[in-house]
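A.B. asks: Can you read through this structure? Questions will come right after.
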């Protein structure tokens, strides 16, 4: 990675940003045949204390003056810095092994060093993907930032959304069940589509008047349970049997 891989710019609203264009090299993974990204990743100024654009400019100021516009991006830090000198780095490339230990060096003498989590340089990329996924960012947009060429590769970073895991755990641990027939709510008069006494239909031509199930009672604001098929219906008159000698 080189300093010239980064470019400053402004969007249509005048907000400053830094874009990264990955130039192919023999030492980079993929070599000279690396596939260029369709969309250059950018980081925009926020105006806050941890503004990425401001921090990037601060880093460039700390580099030797001859390497602030082009040259290796990672340089060997000075063992001692002079308060009156803005330069913090030597004119010397940082070794591969030192680059691999950047995260370990950063968290040294901090609470993160004693954490149960094993933090490496790759942890930053993993945290990035997880944060974007939890905020419902489309996979295609995440790939533009991370440089993944295969969408399935993002599954390796997916540990599951914590809210989704909590919801699934609650479903599994819940004792409620609505599948049992014995726990179903009893059917009401409205659900049975039965008209109350006040809505009785007029008499038919045969002189027989239709009545409800309970012609002499009124039920308000209650549920009624019917046991269909048990016992004889009170509406059907009993037929007397005759004996013939």
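Residue numbers (full-length UniProt numbering): 1 to 245. We put the CB at the ideal spot given by N, CA and C, even for glycine.
Would you kindly check if the distance between the Cβ of residue 66 and the Cβ of residue 40 is under 8 Å?
C.D. replies: Position 40 of the chain shown, counting from 1, holds the residue named residue 40. Position 66 of the chain shown, counting from 1, holds the residue named residue 66. No, the Cβ-Cβ distance between residue 40 and residue 66 is not below 8 Å.
A.B. asks: Can you list, in chain order, the residues of its chain whose CB lies under 7 Å from that of residue 43, leaving out five sequence neighbours each side?
C.D. replies: What you label residue 43 is simply residue 43 of the chain shown in a count that begins at 1. Closer than 7 Å at the Cβ level, and outside the excluded window around residue 43, lie 17, 18, 52 and 53.
A.B. asks: Got a sec, what are the start and stop residues for the alpha helix (DSSP H) residue 10 sits in?
C.D. replies: By one-based count along the chain shown, residue 10 stands at place 10. Counting along the chain, residue 10 falls outside any alpha helix (DSSP H), though it belongs to the beta strand (DSSP E) covering 6–10.
A.B. asks: What's the gap between the Cα of residue 30 and the Cα of residue 22?
C.D. replies: Here residue 30 refers to the residue found at position 30 when the chain shown is read from its first residue. Here residue 22 refers to the residue found at position 22 when the chain shown is read from its first residue. Legend: pLDDT at residue 30 = 49, less than 50; position of this residue unreliable, no value from coordinates given.
A.B. asks: In chain order, what residues of the same chain have a beta carbon less than 7 Å from the beta carbon of residue 15, not counting five sequence neighbours either side?
C.D. replies: Along the chain shown, one-based indexing puts residue 15 at 15. Correct list, in chain order: 44 and 45.
A.B. asks: Based on the DSSP output, what are the partners of residue 44 in its beta bridges?
C.D. replies: Walking along the chain shown from the start, residue 44 turns up at place 44. According to DSSP, residue 44 bridges with 17.
A.B. asks: Locate the alpha helix (DSSP H) running through residue 143, then write down its first and last residues.
C.D. replies: As a working note, residue 143 is residue 143 in the chain shown. 139–146 is the extent of the alpha helix (DSSP H) around residue 143.
A.B. asks: My output table needs one value for residue 209: the three-state DSSP class, helix, strand or coil.
C.D. replies: Reading the chain shown from its first residue, position 209 is the one you call residue 209. Low local confidence applies: a pLDDT of 46 at residue 209 is under 50, so the model's placement there is unreliable, and no value is given.
A.B. asks: First and last residue of the beta strand (DSSP E) that includes residue 89?
C.D. replies: Translated into the one-based positions of the chain shown, residue 89 becomes position 89. Residue 89 -> beta strand (DSSP E) spans 89–93.
A.B. asks: Report the partner residues of residue 75 according to the DSSP bridge assignment.
C.D. replies: Position 75 of the chain shown, counting from 1, holds the residue named residue 75. By DSSP's assignment, residue 75 forms a beta bridge with 93.
A.B. asks: Tell me which same chain residues have a C-beta within less than 8 Å of the C-beta of residue 104, skipping the five on either side of it?
C.D. replies: On the chain shown, residue 104 is found 104 positions in, with the first residue counted as 1. Hits under 8 Å: 119 and 120.
A.B. asks: With distances taken Cα to Cα, identify the nearest neighbour of residue 76 among 137, 91 and 84.
C.D. replies: For this step, residue 76 is matched to residue 76 along the chain shown. Residue 91 is the option with its Cα nearest to residue 76.
A.B. asks: Taking Cβ positions only, does residue 3 come closer than 8 Å to chain D?
C.D. replies: The chain labelled as chain D is not found in the depicted structure, where only one protein chain is given.
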